[in-house]
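J.:
Protein chains in written order, with my numbering: chain A, 1426 to 1926; chain B, 2 to 331; chain C, 511 to 823.
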């Protein structure tokens, strides 16, 4: 039996997990579920020794335990199959299972012994591959099985599965379920993190719901149904800081046809009108980000057509020609991770902002003076800084986000593609950013956003497309859409049974 | 609820008024500044004659080729690349301007042909590094070896020639008391600085150095910029090689062996690290001057070649260790 | 199903060793057909003598490259150990000093890269300069005497075979045991594959990096002893060409500079290839200077086929 008591974890000012207590009995498959950002993964990382809690205790079979690393956790009896794999591509299956506790004699590896042991464990988890295969040659499902085999080999008591089926096909999901049931029969404690409700009801006997880092409820699965579960997951407060604007015009701003971000992705087609903010909603990792990035020109293998209208001029886009080509044609992309993918932290504000405009000019041309324009724009956007010369790394999150948007305001883009427009941004700046986007589309331009926060999508957008497994499964009007109805469509792919929250 | 948790008071930008911050700013100067100050003080104390104008001119003239190759290395290092073929380029330039075929050409051609060769070498480096994404270390190391082999092959058996008059003039000529080489070096360094500051290319160099991932995702032509940077570096190294050949006046194949090391030393002393593109060119100019100064001071102190090497290595190691430490602290 | 973006798509961790073997065989067959001397006893003996020091350095270099680093101080270390072993002091003390200096240089390199975070090329370039400076201070011009024990280990025959062959065999055996059989070798491959995931698996990344640079310096020091004995001189700059040659041999042997992929046998093939080419060009009366061009071109071709995600260094 594993029990955690009052686990709390904050990252900076953000409390990701607040005083959460959960118990998993022997032979139980315990589901952890909740909306995007509810704290499920944080909780599992705390239990799995990846991160350390700020406070709280953990008991395994009655004894208090603490783990500094995943490896300590593994040999303490807790095996985690991570969402992002912790395997190393150039290691063989056997080496992966034994890495960190190799069998050696006199400094030399006892390879045959490890191979035999690996074969035994692989056999146990029902994976018929050679222990000598490299991880890089395995499918995602096989890699997952290797992670599980590592836990079996270490004789772990607790198994944690973090969104294990996100990348699996039907056959592999069945295989995984069989394996989990086997572990259950062996009396292991299993945590199953997922927001695929059908799997949860199929596999799990107990369900814990988290919301905004807090524990909502723990109930036997038999006492719950899909709709009550969804109701427990939703219920964030709607703020009233979303600006209202004029309804979109009837003219098209963007027309996307038969878009495939990658050769094995499903096709999507949709339109955006002038003056419209279109929201792409969905659970994490369901392909909405790929759709947005494909439009931004990030993937060279993208196929499909995109046409946009700047005032009355028709612009043909080539999606395989790179981000630079899209920028030239007035399409701006604002990535989610502003520090890693968006901003030049070591450079001043004016260089970050002016870059968008410079890119449209020739390589060897001199830069036109932009400082005054940047200064004026900073005033309009209310960027709190000492001046255009301040380094971006010294700005707060909200101001950094404004700088990223400002780059494309100045470059005169007419289509914005924005991932998570307000991630890690305080309320005041959020409201300002929403207003900036509203003002932007007010001039007959358009924005496509994706966001994990359902409320943001509902409050900000003129229209919502729900994406599931790379396909658009529902189109919703934010006037009538609720967190509940979006989540339901995102989970089940079935928009028909809309119901009031 | 999530929103309230996320709320944090927007940080007011810190005003640069407190003393600690000012001390920090001073410490943020390129290391070459301190090295130059130290060298001047040391020579006033030990070899005062070095600080006199004629000797200073000698130091500056020796600093000119170093300064140009430092510019070359600075360009590529600011885009997170490196050019280890600058030594090979120096050797090739020396061969080309001293071999009888080239000295018989008219002054323009005698300068233009070697420069074209240097630019071509930069372009080949750039093609492999930017287009094929091969490791810059290996590409330019191989290029250096090829160039050295080429010169040895072409010149084998023949006694080295001497440089033509025009190249000689570039290397040792003077305008008033100022050596021509120094004018070329400082003029080009200033032009490069203006170009980097004012051109769109310069902005691309900064952003690629600052965050290559973001540069790619925001549509900056990363490959093109990197290619052009290597071409430009080839040109600067080529001119540096020509000035050095003109200074020495005759053919030599030993000439470029430590140029790679010196160029990297100059960049690091100039306050620039891989991708770090904040410091202006004066740091690099001072660094070239400092390196030439060190060599002269050590010669004056009767310290031999080995001691110079040790000092060079220690200086680079210390400067780069301090740079990484500062980077980690931020 | 879509695979995660894998940096590599190979089925073996040995890098491109099979391709290298193929090229080695082609070159060897070509040379034995086009020249009469290639397979002669005298020439094979020459080959062994030529290849042995390169093999020593390249195996060490490969250890560092497998961690994702690079050591350009190997040439300087060769020079320093050749100088120290020929100092007019007690031979045992000289040997102890060679080992100690290689140890110190390796530790400094490893700490500079792993702990200080200095780029490997800058860190090892500066130690290289310092070490060459020290070696030249100790012995400005080539000279000195090689201790008797070392003299016997080079240039003689054992069981009718050149003793150099045993140096090579020992080196390759150590390389194979280290990289293919030992726990340290596994850890070296692991941190070359992914430093962060190796850390998750409990591997002490810094310790492994330092050990890799130490091993590399030790191999270079052994090459220095070999060269000192072969030319019966302590020469401070005898090793400098070996820096580039070791990198070339490692690249030709199919070791990937991104780390994690490559093998000791691949390095052997890379060294054989370089050795055969230079020997063959000698036999065919090609200028020795042209050889350096050819090996440079080979290196360019070899790495043009390396697929990397990163651009730049």
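C-beta atoms are modelled at their ideal positions from N, C-alpha and C, and glycine is treated no differently.
Please read all numbers here as calculations on a predicted model, not as lab measurements.
Taking the CB atoms as reference points, tell me whether residue 611 of chain C and residue 635 of chain C lie closer together than 8 Å.
T.: no
J.: Does the beta-carbon of residue 303 of chain B have 16 or more other beta-carbons within 10 angstroms, so that it is buried, or is it exposed?
T.: exposed
J.: Just checking my contact of residue 1852 of chain A with residue 1827 of chain A at CB under 8 Å: how many whole Å lie between their CB atoms?
T.: Approximately 14 Å separates the beta-carbon atoms of residue 1852 of chain A and residue 1827 of chain A; this is outside 8 Å, ruling out the contact.
J.: So with Cβ pairs under 8 Å, would you call residue 555 of chain C a contact of chain B?
T.: no
J.: Run through DSSP, which three-state label would residue 668 of chain C get?
T.: strand
J.: If you pair each beta-carbon of the segment 1644 to 1653 of chain A with each one of the segment 1493 to 1502 of chain A, do three or more pairs fall below 8 Å?
T.: no
J.: Distance cutoff 8 Å, beta carbons only. Does residue 1478 of chain A sit that close to anything in chain B?
T.: no
J.: CA-CA distance, residue 1904 of chain A and residue 1441 of chain A?
T.: 30 Å
J.: For residue 329 of chain B, go through chain C and note every residue whose CB falls closer than 9 Å to its CB, in chain order.
T.: 626, 627
J.: Skipping 5 residues on each side, what residues in its chain have a beta carbon closer than 8 Å to that of residue 703 of chain C?
T.: 769, 770
J.: Nearest by alpha-carbon distance to residue 717 of chain C: which of C:763, C:534, C:588, C:620 is it?
T.: C:620
J.: Do residue 290 of chain B and residue 37 of chain B count as a contact pair if the criterion is CB distance below 8 Å?
T.: Yes, they are a contact pair.
J.: CB residue 1854 of chain A to CB residue 1823 of chain A, shorter than 8 Å?
T.: yes
J.: For residue 1513 of chain A, which residues in chain C fall below 7 Å Cβ to Cβ?
T.: 700, 703, 704, 707, 708
J.: Flag this pair as touching only if the segment 292 to 300 of chain B and the segment 62 to 69 of chain B have three or more C-beta atom pairs under 8 Å; answer yes or no.
T.: yes
J.: Which of helix, strand or coil does DSSP assign to residue 1893 of chain A?
T.: strand
J.: Note down the Cα distance separating residue 672 of chain C from residue 742 of chain C, rounded to an integer number of angstroms.
T.: 17 Å
J.: Would you mind sorting residue 756 of chain C into buried or exposed? The rule is 16 or more other CB atoms within 10 Å of its CB.
T.: buried
J.: Since residue 1585 of chain A and residue 1483 of chain A should fall inside the 8 Å C-beta cutoff, what is the C-beta to C-beta distance between them, to a whole number of angstroms?
T.: 13 Å between Cβ atoms; not a contact.
J.: Quick one: residues in its chain with C-beta nearer than 7 Å to the C-beta of residue 1454 of chain A, no 5 flanking neighbours on either side, listed in chain order?
T.: 1605, 1609, 1615, 1617, 1628, 1629, 1630
J.: Classify residue 297 of chain B as buried or exposed, calling it buried when 16 or more other Cβ atoms lie within 10 Å of its own Cβ.
T.: buried
J.: Cutting at 6 Å between CB atoms, please list the residues of its own chain near residue 1461 of chain A, excluding the five before and the five after it.
T.: 1709, 1877
J.: Suppose you measure from the CA of residue 732 of chain C to the CA of residue 783 of chain C; what does that come to, to the nearest Å?
T.: Their backbone Cα atoms lie some 22 Å apart in a straight line.
J.: Between which two residues does the alpha helix (DSSP H) holding residue 1666 of chain A run?
T.: Counting along the chain, residue 1666 of chain A falls outside any alpha helix (DSSP H), and DSSP gives it neither H nor E.
J.: Measuring CB atoms only, is the segment 1740 to 1758 of chain A touching the segment 1877 to 1892 of chain A, in the sense that at least three cross pairs come out at less than 8 Å?
T.: no
J.: Pop quiz: residue 211 of chain B and residue 1771 of chain A are said to be a contact at Cβ under 8 Å. What is the actual Cβ separation, rounded to whole angstroms?
T.: The pair is a contact, with the Cβ atoms about 5 Å apart (cut-off 8 Å).
J.: In whole angstroms, what is the alpha-carbon distance linking residue 642 of chain C and residue 734 of chain C?
T.: 13 Å
J.: Within the continuous beta strand (DSSP E) that includes residue 1455 of chain A, where are the two ends?
T.: Residue 1455 of chain A -> beta strand (DSSP E) spans 1453 to 1458.
J.: Residues of chain A with a CB under 7 Å from the CB of residue 215 of chain B: which are they?
T.: 1766, 1767, 1768, 1769
J.: Could you tell me how far apart the beta carbons of residue 31 of chain B and residue 271 of chain B are, in whole angstroms, since I believe they sit closer than 8 Å?
T.: With a Cβ gap of about 5 Å, residue 31 of chain B and residue 271 of chain B count as contacting.
J.: In angstroms with no decimal places, state the Cα-to-Cα distance between residue 1488 of chain A and residue 701 of chain C.
T.: 34 Å
J.: Under 9 Å Cβ-Cβ, which residues of chain C neighbour residue 1529 of chain A?
T.: 692, 693
J.: From which residue to which residue does the alpha helix (DSSP H) around residue 812 of chain C run?
T.: From DSSP, the alpha helix (DSSP H) with residue 812 of chain C extends over 798 to 814.
J.: Put residue 332 of chain B into one of helix, strand or coil per three-state DSSP.
T.: One cannot answer for residue 332 of chain B here, as it falls past the ends of chain B, which runs 2 to 331.
J.: What's the gap between the Cα of residue 513 of chain C and the Cα of residue 1597 of chain A?
T.: Bear in mind that the predicted position of residue 513 of chain C carries a pLDDT of just 30, short of 50, making it unreliable; the figure below should be weighed with that in mind. In this model, residue 513 of chain C and residue 1597 of chain A are separated by some 14 Å (Cα to Cα).
J.: Can you name, in chain order, every residue of its own chain whose Cβ lies under 6 Å from the Cβ of residue 1539 of chain A, other than the five neighbours on each side?
T.: For residue 1539 of chain A, where only same-chain residues beyond five positions count, the Cβ hits under 6 Å are 1519, 1523, 1528.
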